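The opening residue of the sequence shown carries number 1 in the UniProt record's numbering; numbering runs sequentially from there.
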Amino acid sequence: MPAIIQKHGSQAIKQAVIPVVLSGQGRISLAITEPTAGSDVQGIQTNIQPSQKEGCVIIEGSKKWITGGMYASFFLTLAKEQSGGFTLIVVPLSDRVSRRHITMSGSGTAGAAFVEFDQAEVPIQMIVGERGNRLKYTMSGSVHERLFIGMQALRWSRVCLEDAIGYALKRETFGKKLVD
1 MPAIIQKHGS QAIKQAVIPV VLSGQGRISL AITEPTAGSD VQGIQTNIQP SQKEGCVIIE
61 GSKKWITGGM YASFFLTLAK EQSGGFTLIV VPLSDRVSRR HITMSGSGTA GAAFVEFDQA
121 EVPIQMIVGE RGNRLKYTMS GSVHERLFIG MQALRWSRVC LEDAIGYALK RETFGKKLVD
């Protein structure tokens, strides 16, 4: 995600987010998946609206299965414009952003969260790239995520195989080793 911000983010975003994340003082999570839309980004309902406060927008909606969401200081959030276009915006953690832990089998330390944006007011400078035209940024970031998920699945399968072999080497049945 810092790569998306580095490539497409404004100077305001780069100054507010990148030093905090790279120093380890904060974290950022990608907030796309929603309870009703899943990974179908065309179906998301989290929306971005004008705020009465000049220079700000309002984010309203929910995101689910957000990896690292319990630890995040910022959420790189995909929101739908009134026009139907999509906008990426960095939403800082605030009293208008709540999160609760979601248990994931095999990924207990991932800090997966259900995140709710309740009229979260965000400076317009936190928009990544052009408004309404940012679905391509999101999809380009998904390539790396899918590669990581594949590597993770391969590692888990190897651990399971090693455990099964270890068990088979020790287990005795009918008076002899199971592997014999």
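C-beta: ideal position from N, C-alpha, C; glycine also.
Everything numeric in this text was worked out from a predicted model, so none of it was measured.
Select from P92, G69 and G150 the residue whose C-alpha is nearest the C-alpha of T109. Position 109 of the sequence shown, counting from 1, holds the residue named residue 109. Taking only the C-alpha atoms, the option nearest T109 is G69.
Contact set for P19: own chain, Cβ-Cβ below 6 Å, skip 5 residues either direction: On the sequence shown, position 19 is the one that residue 19 refers to. Here the set comprises nothing.
If contact is defined by three or more beta carbon pairs under 8 Å, each pair taking one atom from either stretch, is the region 38 to 54 in contact with the region 151 to 171? No, because fewer than three Cβ pairs between the region 151 to 171 and the region 38 to 54 fall closer than 8 Å, the two stretches do not touch.
State yes or no: is the C-beta of I124 nearer than 7 Å to some heavy atom of the ligand HEM? Of the ligands one can find in the structure shown there are none, so the ligand HEM has no counterpart to examine.
If we count Cβ pairs, one from each stretch, closer than 8 Å, do we get three or more for the region 36 to 47 versus the region 72 to 92? The region 36 to 47 is in contact with the region 72 to 92.
Does P92 pass the burial test, meaning 16 or more other C-beta atoms within 10 Å, or should it be called exposed? Taking the sequence shown and counting its residues from 1, the one referred to as residue 92 is at position 92. By the 10 Å Cβ count, P92 comes out buried.
Determine the extent of the alpha helix (DSSP H) in which L22 is found, giving its start and end residues. Counting from one through the sequence shown, the residue named residue 22 turns up at place 22. The continuous alpha helix (DSSP H) containing L22 extends over residues Q11 to L22.
From R100 to A120, what distance separates their C-alpha atoms? The count along the sequence shown starts at 1 and reaches residue 100 at position 100. The count along the sequence shown starts at 1 and reaches residue 120 at position 120. One C-alpha to the other measures close to 17 Å.
Does DSSP classify G38 as helix, strand or coil? In the sequence shown, the residue the question calls residue 38 occupies position 38. In the three-state scheme derived from DSSP, where H, G and I count as helix and E and B as strand, G38 is classed as strand.
If we require 3 or more residues per run, which beta strand (DSSP E) segments fall completely within the region 54 to 111? Uninterrupted beta strand (DSSP E) stretches at least 3 residues long and entirely within the region 54 to 111 occur at 56 to 66, 74 to 80, 86 to 92 and 97 to 101, given in chain order.
Which residues share a DSSP beta bridge with I48? Position 48 of the sequence shown, counted from the first residue, corresponds to residue 48. According to DSSP, I48 shares a beta bridge with I59.
From which residue to which residue does the beta strand (DSSP E) around D118 run? Sequence index remark: in the sequence shown, residue 118 carries index 118 (1-based). That run of the beta strand (DSSP E) goes A113 to P123.
Just to confirm, are A12 and K63 a CB contact at a threshold of 8 Å? What you label residue 12 is simply residue 12 of the sequence shown in a count that begins at 1. What you label residue 63 is simply residue 63 of the sequence shown in a count that begins at 1. Taking the C-beta atoms as reference points, K63 is found no nearer than 8 Å to A12.
My output table needs one value for V159: the three-state DSSP class, helix, strand or coil. Position 159 of the sequence shown, counted from the start, is the residue given in the question as residue 159. Per DSSP, reduced to three states, the secondary structure at V159 is helical.
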